[in-house]
Each structure stands twice: as structure tokens, then as C-alpha cells.
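Under the UniProt record's numbering, think of the first position of the sequence shown as 1, with each following residue one higher. Cβ atoms here follow ideal geometry from the backbone N, Cα and C, with glycine treated the same way. Reviewing the structure listed below.
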Amino acid sequence: MFCYSASRNCPAEGAAEQDSAQPAAVDLPRTRDGEIDYDALYEDESDSDLGSMENHGSVVTHLLSQVKIGMDLTKVVLPTFILERRSLLEMYADSFAHPDQFVKIVDQPTPRDRMVQVVRWYLSSYHAGRKSQVGKKPYNPILGEVFRCHWDMDGMPENNANNDKLSFVAEQVSHHPPISAFYAEHVNKRIQFEAWVWTKSKFLGLSVGVHNIGKGTVTLLDTGEEYTLTFPNGYGRSILTVPWIELGGSVVIECVQTGHKANIEFLTKPFYGGKKHRVTCEVFAGADKKPYYTAQGEWNTRMDGRWTETGRSEVLFEVSNMKPRRKRVAPVSRQAAHESRRVWRHVTCALRAADCDAATRAKRSVEQHQRDALKQREANGEKWLTQLFSPKGEEGWEYNTPLKKRVSAPKTTPQHKSTDNADSTR
Numbered sequence: 001m002f003c004y005s006a007s008r009n010c011p012a013e014g015a016a017e018q019d020s021a022q023p024a025a026v027d028l029p030r031t032r033d034g035e036i037d038y039d040a041l042y043e044d045e046s047d048s049d050l051g052s053m054e055n056h057g058s059v060v061t062h063l064l065s066q067v068k069i070g071m072d073l074t075k076v077v078l079p080t081f082i083l084e085r086r087s088l089l090e091m092y093a094d095s096f097a098h099p100d101q102f103v104k105i106v107d108q109p110t111p112r113d114r115m116v117q118v119v120r121w122y123l124s125s126y127h128a129g130r131k132s133q134v135g136k137k138p139y140n141p142i143l144g145e146v147f148r149c150h151w152d153m154d155g156m157p158e159n160n161a162n163n164d165k166l167s168f169v170a171e172q173v174s175h176h177p178p179i180s181a182f183y184a185e186h187v188n189k190r191i192q193f194e195a196w197v198w199t200k201s202k203f204l205g206l207s208v209g210v211h212n213i214g215k216g217t218v219t220l221l222d223t224g225e226e227y228t229l230t231f232p233n234g235y236g237r238s239i240l241t242v243p244w245i246e247l248g249g250s251v252v253i254e255c256v257q258t259g260h261k262a263n264i265e266f267l268t269k270p271f272y273g274g275k276k277h278r279v280t281c282e283v284f285a286g287a288d289k290k291p292y293y294t295a296q297g298e299w300n301t302r303m304d305g306r307w308t309e310t311g312r313s314e315v316l317f318e319v320s321n322m323k324p325r326r327k328r329v330a331p332v333s334r335q336a337a338h339e340s341r342r343v344w345r346h347v348t349c350a351l352r353a354a355d356c357d358a359a360t361r362a363k364r365s366v367e368q369h370q371r372d373a374l375k376q377r378e379a380n381g382e383k384w385l386t387q388l389f390s391p392k393g394e395e396g397w398e399y400n401t402p403l404k405k406r407v408s409a410p411k412t413t414p415q416h417k418s419t420d421n422a423d424s425t426r
């Protein structure tokens with residue numbers, strides 16, 4: 001289902017070839033033939049950049065002169081030097097860099113255990129999705145852009161035809177407004193995740209706020225349980241010096257089938273004192289007023305949990321003990337024109353070479369091709385059609401061929417609210 005193909009007949013806007021725009025290479029990885037090794041560029045996670053905001057003060061000052069507090073930044077052209085070397089779609093994929101935590105949801109014996117494991121996977125995914133300590137912005141995906149990858153669960157070869165892997169695919173389904181849809185599944189574990197996110201950014205003075213509107217759903221096929229969840233807001237702080245990323249706001253994870261619900265608060269740092277990246281969580285069963293599980297800590301370092309009925313404490317997760325698993329991505333040379341790493345390869349190359357002018361030219365080329373394709377469609381009276389996801393009315397977007405449509409009915413009877421008394425009390 002997630003096969004890689006370089007012969008698709010539906011190229012994304014802005015995906016035209018740009019080989020003539022290659023920047024001069026500075027210590028860039030090369031293939032045996034002497035060509036730029038784009039795959040090595042994307043796998044290189046060193047935190048090189050084009051300088052701090054302080055080194056580009058005139059550009060930042062000019063940018064700030066064009067915006068007002070509360071202004072929507074969707075159409076504001078941001079300077080190239082703040083870009084991170086990956087697409088937003090790939091960033092969503094990187095949040096699954098601990099696939100073992102995701103599939104462990106299935107292995108938990110009771111609704112309470114499964115809800116807590118959903119919380120553990122969800123909160124640990126945020127550190128997994130961040131690659132830089134400095135606040136940088138991933139590329140805005142172009143309309144129709146697609147990113148595909150998978151994680152081998154037991155060190156299997158990349159092309160091994162087995163179902164013991166977590167597969168991921170994302171598509172930019174809308175450009176105005178910017179909406180990304182993504183999907184992940186593990187066939188053997190009979191678990192899937194489906195989500196869509198609409199990002200709205202605003203200028204807040206000395207910071208930038210990103211409101212993540214959307215919803216995700218974890219589905220366990222063998223119990224019939226669905227865990228719906230929302231997303232926190234993001235903030236780029238200290239944009240005039242060294243930017244850093246902060247999460248803030250309320251998140252709810254809820255399972256209608258069992259009646260369990262988790263209320264999560266991402267706490268923003270106070271202006272004076274206080275810690276960064278604080279999170280608190282309370283998990284409830286049904287209409288209970290008292291949580292049966294609580295957790296607190298920092299999402300980027302460690303969170304501790306406690307089963308309130310027994311008082312037993314545990315480490316919910318500790319980042320230093322969680323090594324992200326490497327995702328498997330098709331070589332750029334084998335990717336279709338609309339796949340993320342191929343679309344942005346010249347921008348990525350220029351950023352790695354610290355060539356700001358070349359990065360800007362390459363980025364403008366992608367954007368100009370997107371505008372040209374839009375004009376062509378309008379002239380022909382054509383409507384853009386998505387490839388992998390379809391609109392679901394007010395419910396957002398859904399994957400066209402999810403696991404739950406391709407496999408048999410649940411093996412066991414769903415554990416509904418009435419069975420909650422059988423839960424472990426810990």
C-alpha cells in the first residue's frame with residue numbers, strides 16, 4: 001500500500017525539476033559518481049544553520065516593519081535563514097520516531113492501561129518531532145506534496161515484504177488554508193492513526209504563535225476503541241535573538257467506547273521565573289471526578305506518573321532513555337516529483353552549504369512553479385483533486401484506504417464503559 005513510485009502522473013504544484021539551481025557545494029556529501037548525495041543531506045541531523053537572528057538583524061527588522069500584532073502570517077514571506085531542512089510533512093512523520101511506544105498501546109490489558117499508554121506515546125512524540133534546539137520553521141508543503149516512510153520494528157531490511165513495520169504517509173491537501181493530513185498503521189498489531197492539522201500563525205510582538213486546528217484518532221481494530229485527540233499551540237519565542245519553541249494550551253484525549261478521558265495542559269513559561277516545557281495531565285474514567293492517573297514534568301526531558309488509587313509512582317517517559325528509531329525513506333532519485341525530499345532538495349542543499357542566496361532562489365523557484373500551476377488550472381477550469389485523503393465534511397479529512405477498511409472485523413468484543421470495573425487499580 002505504501003509502495004514507492006517514480007512514475008506517478010499527478011505531480012504536485014511547484015514540483016518542477018530545478019537542477020540548474022544547484023548551489024556551489026561547500027563540504028557537501030557526494031555519491032561515488034561525484035553528484036550531490038541528497039539522501040545523505042536529509043539524514044544529516046547536524047544543527048548547522050545560516051546564522052542567528054542577531055546576524056540577520058536588518059532582515060528581521062524589515063520583516064517586523066511589515067507586520068502588526070495579531071496579524072495572520074500565512075501570506076508573509078519569511079527569511080530563508082530561519083528554515084529547517086525538512087518539510088512540515090516530514091516533521092509530522094518524525095513524531096513517530098518511537099514507534100514501539102505507539103504499538104505498545106495494543107499490548108495493554110485494560111482500558112486504563114491502554115489510555116495511559118496513549119498518553120505516554122502522545123507526550124513523548126513531541127520531543128521526537130523536534131530536531132533542533134533553536135526554533136526553526138520547516139518548509140511549508142506545496143499543494144499535493146506527499147511524504148512517505150516506515151520504521152522497521154525488528155531491524156528488518158527496508159524492502160522486506162512483511163507487516164512488522166509502522167508505515168506513514170502524509171499529504172498537503174489544501175494550500176489556502178494550509179491543511180496537512182497524515183496516516184500511520186501497523187498491520188500485525190492492527191492499529192492505525194489518522195489526523196489532519198490546519199495551521200494558523202499570528203504575530204504576537206516578540207514571538208510568533210501557531211494555532212494547530214485539527215484532530216487525530218488512534219484506532220485499535222481488535223477492541224474497537226478509538227482515541228480522539230487534539231493538538232497544542234506552538235510558539236516561537238525570542239525571535240529577535242535565538243528563537244526557541246514552546247508548546248501551550250489544553251489538549252483532550254478521549255475514548256468514547258470506554259469513557260476514559262485525559263486532560264493535558266501544556267504550560268507556557270511565565271515571564272519571570274518558572275520552567276520551560278512543563279506539562280500536567282489527569283486521566284479520568286467515565287464520570288469520575290477524581291483522576292485515576294496523574295502525570296507532570298517536561299515533555300522534552302522527563303515526565304513522572306502516579307496511579308492515584310494505590311499511590312504507586314512511575315516514570316512515564318525519560319527522553320535520555322529513548323533513542324529515536326531511524327525512519328526508512330525512498331532515495332530521492334526514486335521519488336516522484338511531488339514527494340517532499342525531491343521537491344525541496346535544492347533548498348536543503350543550499351541551507352546545508354550555508355548559501356542563503358541559493359536557498360532563497362531555490363525556494364522562490366518552488367513557489368513560482370506552484371503559482372504557475374494554479375494559473376494553468378484556473379485557465380483550464382480544472383479543480384485540484386487530492387490523491388490519498390478525502391474531505392469528511394466538518395470532521396476534517398480521512399485516509400482513503402485505512403487498515404480498518406482492508407482487514408476483517410475485530411477479533412474481540414470492544415470493552416465498553418460497563419466493563420471498566422474490571423480494570424486494574426494499580
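Residue i, enclosing alpha helix (DSSP H) - first and last residue
i	result
residue 115	111 to 129
residue 366	356 to 380
residue 103	99 to 107
residue 146	Here residue 146 belongs to no alpha helix (DSSP H); instead the beta strand (DSSP E) covers 146 to 152.
residue 346	345 to 352
C-alpha distance - residue i paired with residue j, whole-angstrom precision
i	j	result
residue 406	residue 361	44 Å
residue 88	residue 173	13 Å
residue 374	residue 368	10 Å
residue 345	residue 356	15 Å
residue 408	residue 150	23 Å
residue 237	residue 84	16 Å
residue 45	residue 380	43 Å
residue 109	residue 392	32 Å
residue 274	residue 29	43 Å
residue 27	residue 353	7 Å
residue 203	residue 42	30 Å
residue 106	residue 189	7 Å
residue 148	residue 183	10 Å
residue 311	residue 325	33 Å
residue 437	residue 99	No information on residue 437 is available, as it lies outside the stretch 1 to 426 that the chain covers here.
residue 300	residue 163	31 Å
residue 211	residue 142	19 Å
residue 401	residue 267	37 Å
residue 351	residue 383	34 Å
residue 199	residue 33	41 Å
residue 329	residue 343	14 Å
residue 224	residue 371	44 Å
residue 302	residue 359	37 Å
Bridge partners - residue i, DSSP secondary structure assignment
i	result
residue 321	Answer by DSSP bridge pairing: none, since residue 321 is not bridged.
residue 303	297 and 317
residue 45	In the DSSP output, where bridge partners are listed per residue, residue 45 has none listed.
residue 211	200
residue 219	192 and 226
residue 403	Bridge partners of residue 403: none, in fact.
residue 36	30
residue 165	152
residue 397	391
Endpoints, the beta strand (DSSP E) within which residue i is located
i	result
residue 87	83 to 87
residue 390	389 to 391
residue 280	278 to 285
residue 292	From DSSP, residue 292 is part of no beta strand (DSSP E); its letter is neither H nor E.
residue 138	137 to 139
Residue i at chain B interface by Cβ criterion, 8 Å
i	result
residue 385	No chain B appears in this structure, which consists of one protein chain only.
Task: Uninterrupted alpha helix (DSSP H) stretches inside the stretch 173 to 208 (no shorter than 4 residues) - done: Listed in chain order, there is nothing to give.
Task: Ranges of the beta strand (DSSP E) found wholly within the stretch 221 to 274, counting only runs of at least 3 - done: Every beta strand (DSSP E) of 3 residues or more that sits fully in the stretch 221 to 274 is shown, in chain order, as 225 to 229, 233 to 237, 244 to 255 and 260 to 267.
Open item on the list: Count Cβ pairs between the stretch 207 to 220 and the stretch 89 to 96 that sit closer than 8 Å; are there 3 or more?
Closed with: Counting C-beta pairs closer than 8 Å gives fewer than three between the stretch 207 to 220 and the stretch 89 to 96, which falls short of the contact rule.
- [ ] Tell me, please, whether the stretch 135 to 147 touches the stretch 293 to 309 by the rule of three or more beta-carbon pairs shorter than 8 Å.
- [x] Too few Cβ pairs lie closer than 8 Å, so no.
- [ ] Indicate whether the contact test is met: 3 or more Cβ pairs, each with one atom in the stretch 253 to 273 and one in the stretch 215 to 229, closer than 8 Å.
- [x] Flag = yes, the stretch 253 to 273 and the stretch 215 to 229 touch.
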